[in-house]
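Under full-length UniProt numbering, the residues of the sequence shown are numbered 1 to 684, in order. Every residue gets a Cβ at the ideal spot worked out from N, C-alpha and C, and that includes glycine. In this text, all values refer to a predicted model and were calculated from it rather than measured experimentally. Below is one structure, written out as structure tokens, with a few remarks after it.
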Amino acid sequence: MASPHIAELRYNMNHITDYGIHNQSPMIVPSDAKEVTSDLMHYFLANIDNYTCSMTVNYPRAVQKSYKNEKRFFVPPPTVMLEGNGWSNSKFVPGCFGNENIPRVFMQIVGVDDTNIELYPTQLEGNKFIFTAKSMYTSTIEKRKMLTLDIRILLSTNFILGPFISERIRIMSKPSKKKQTAIGPEAQYLSIKSRSRIALYNRLRSQNISTRFFHAKENGTMEASSTQWSVLEILLIRSFSDTDKSIETIEGNINYGDIVALVDVATGIALPPMRIRKTLQIDKACHINEETSGEPVSQLHMVVFEFLDEDHVYLHANPEFLKGCSGAVTHDGAISVNDGCRWTIISAEATTHKFAPLLGRPKRPVAPMPVAWEAEDAGMQLNGQKAIELRGRFPKDDTSVWFGVMKAPMTKIKSRREQKQPVIVEPSCVHEIHVTVQNANRMAPKFDPKEYTVKVKEDINVSAEFRHFLIKLDAVDKDAGAFGQVKYSILNATGPEGMFVIDANTGALLFTKEVDYESETEYVVFVKASDGGGLSDEAKTTIQIEDVNDNAPVFEKLVYRLKVLEDEAIGYELIRVNANDSDPDAKVRYSLPDQPDSAFIKLDPSTGVITLAKALDYEVAKGLKIKVIATDDGKPPLSTECTVKIEILDVNDNAPRRDAKSPGDIPRHQILGFLALNVTASCH
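In structure tokens, the structure reads:
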């Protein structure tokens, strides 16, 4: 049970003055609002993860110019994602997950009042709420070449959190069919360069109808989604290795015919290297335009991405799979592709703002918004006084921080490695101090937890192109600068060499080889997280392989042969067939398909014993041929069959008999040796 003092701090933390109240006009302070004290600030810093909110905005960096009275919608639509424990742990920021008091999100084009729209939550994914501005558009009202978006969050207390201003968005004309050049300021903006951030969408009809966006899920899988989209980083590839899957990137403009890689900015998951090509519409058919090889890739062009391991196989906008659309070579040698392979490429940006109740807010925050850290954790000693450190970009030099109604003195410090703005916590302090900051590697990376468990079915799809995402390990280092940068590596792992790889920057652990439950049911991987100063921590990941019914029963023989006398009694045991299933705890059942000879035998479905069910007769049939099926109890069940060939042996069970009675007369005076009568008899 928490101490009374801690309980009081927690209560006060949940009843502090709302975000940015000092910036609202007129100022209205709730009656039960609590002032910020030194103890409350220390409590906040010790529990910062419980009170931090995050807002991520994905938006395109270009939008097509509208003509006459048409509305040109943003594609992909700007998207706002809210996540973090702070949304549910403060009275004035009500929980947005399963709570009616969901913060209201508004978005407008800066300077155009009638574009102000309210966004509604469209989907709950994991622990974040997603708001999509599907109705955001430009019209002929905007007589300009650039615009920005203004995002505001209205809390349940009717106070506005924001504004959050996007980077400038370019208004562009329809893409030209003329040859694109990489010379000049306009062309430099239009051209797609290595490490540019982009979005991809496939649209069969005009505007937002039937539009699918390339989207990378948090579990590492990728899809063509009609509701969500991802910001990708496009890399120009100089070379890559099929052996260790390493790639070498280069800078510069991306041209048609180049080999590129697409990396999801949020998860770090990448598609295998592909070749980018331009498409051309001929007689309502989509063809690859080989003549554009070497020309720069430009905004809003329609392109295809061709996989390198197979001829004429392209990235496809099918909601169930992204690889599998094959191109066809026409009679004149051109390559025709399905419309689902055509992706429109456009610059995009992903911006994340983090904030917490005790930080207040600048009047016009930029990305990323300054975030508070405890100065002591970064190696600062301020003669016994405590300080917090603000890391991030600051819009103006006169940025100020307030605790309640008191303005905190602060010193702006710049270094070659980082920028810091220490802020004195003690609200009673009114004098300005000067602090010398030295970056020291005092904090080692820490995994929390230190042991992970992942369950994987043995039939996972793993190939040379597609690695299977297992889990993203995360180690936190509270040091600043290079000492706080964490790199991940594999210390040791069971299983074949090279079976696991880890992304050194993101900590994403991946499978590279197929697994078999019958060979190995569990793997263990030890991962090391190291910072720039040589400190490290380790974590253990256990991968449990779950069995899948992938083995059919196998008979000891494909053909069983036996001989049996025709006079054997009914119930006589002829033979026992046996099938084995290598899946653990598998149960095998035997059955007979419809066949002419099955009436002569009886099969035990559990044991496979075959007995005689009908009398045999060599004179009727000299042999039997019977098929037997063995089926396991898996889902789905698997089966196999064998053949039993029975040779029937004759038994002397019929006496000879004369065929017919006939009189015979012998003429008189016949000589010796005359044939008087011919008698015949038969035996069955």
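- Approximately 6 angstroms separates the beta-carbon atoms of residue 626 and residue 601; this is inside 8 angstroms, confirming the contact.
- Residue 52 and residue 350 have their C-alpha atoms some 19 angstroms from each other.
- A check of alpha carbon separations from residue 552 across 579, 562 and 565 identifies 579 as the nearest.
- Contact annotation, residue 612 with residue 571: C-beta distance approximately 6 angstroms; criterion of less than 8 angstroms satisfied.
- Residue state for residue 523 is assigned as strand, using DSSP reduced to three classes.
- Going by beta carbons, residue 172 and residue 78 fall outside the 8 angstroms limit.
- Distance between residue 617 and residue 645, taken at the CA atoms: about 16 angstroms.
- A Cβ-Cβ separation of about 23 angstroms leaves residue 315 out of contact with residue 64 under the 8 angstroms criterion.
- Here the C-alpha atom of residue 220 lies approximately 51 angstroms from the C-alpha atom of residue 609.
- Looking at the backbone, the Cα of residue 200 and that of residue 106 are separated by about 25 angstroms.
- With fewer than 16 other CB atoms across the displayed protein chains lying within 10 angstroms of its CB, residue 604 is exposed.
- Here the stretch 581-594 lies against the stretch 531-551, with 3 or more beta-carbon pairs under 8 angstroms apart.
- Residue 650 is classed as exposed because its beta carbon has fewer than 16 other beta carbons within 10 Å across all chains shown.
- The distance from the Cβ of residue 522 to that of residue 542 is about 6 angstroms, consistent with a contact at the 8 angstroms cut-off.
- In the structure shown, the three-state DSSP call for residue 42 is helix.
- Residue 484 is classed as buried because its beta carbon has at least 16 other beta carbons within 10 Å across all chains shown.
- For residue 48, there are no CB contacts under 6 angstroms within the same chain when 5 residues up- and downstream are skipped.
- When DSSP reads this structure, residue 193 sits in a beta bridge with 253.
- Your pair residue 308 and residue 274 checks out as a contact, with CB atoms roughly 7 angstroms apart and the cut at 8 angstroms.
- Taking a contact as a CB-CB distance under 8 angstroms, the pair residue 288 and residue 335 counts as one, their CB atoms being some 4 angstroms apart.
- The alpha-carbon of residue 599 is positioned some 57 angstroms away from that of residue 225.
- Our two residues, residue 621 and residue 597, have alpha carbons roughly 10 angstroms apart in a direct line.
- Taken through DSSP and simplified to helix, strand or coil, residue 598 comes out as helix.
- Going by beta carbons, residue 470 and residue 538 fall outside the 8 angstroms limit.
- In the DSSP assignment, residue 103 falls outside any beta strand (DSSP E), carrying neither H nor E.
- Counting every other CB atom within 10 Å of its CB across the protein chains shown gives residue 292 a total of 16 or more, marking it as buried.
- Less than 8 angstroms separates the beta-carbon of residue 555 from that of residue 642.
- Taken through DSSP and simplified to helix, strand or coil, residue 604 comes out as coil.
- Excluding residues up to 5 positions away in sequence, 198, 234, 253, 254, 296, 297, 298, 299, 345 and 347 lie with their Cβ nearer than 8 angstroms to the Cβ of residue 192 in the same chain.
- Between residue 590 and residue 454, the alpha-carbon positions lie close to 37 angstroms from each other.
- In this structure, residue 129 sits near residue 82, with a CB-CB distance shorter than 8 angstroms.
- For residue 223, the secondary structure class from DSSP, reduced to helix, strand or coil, is strand.
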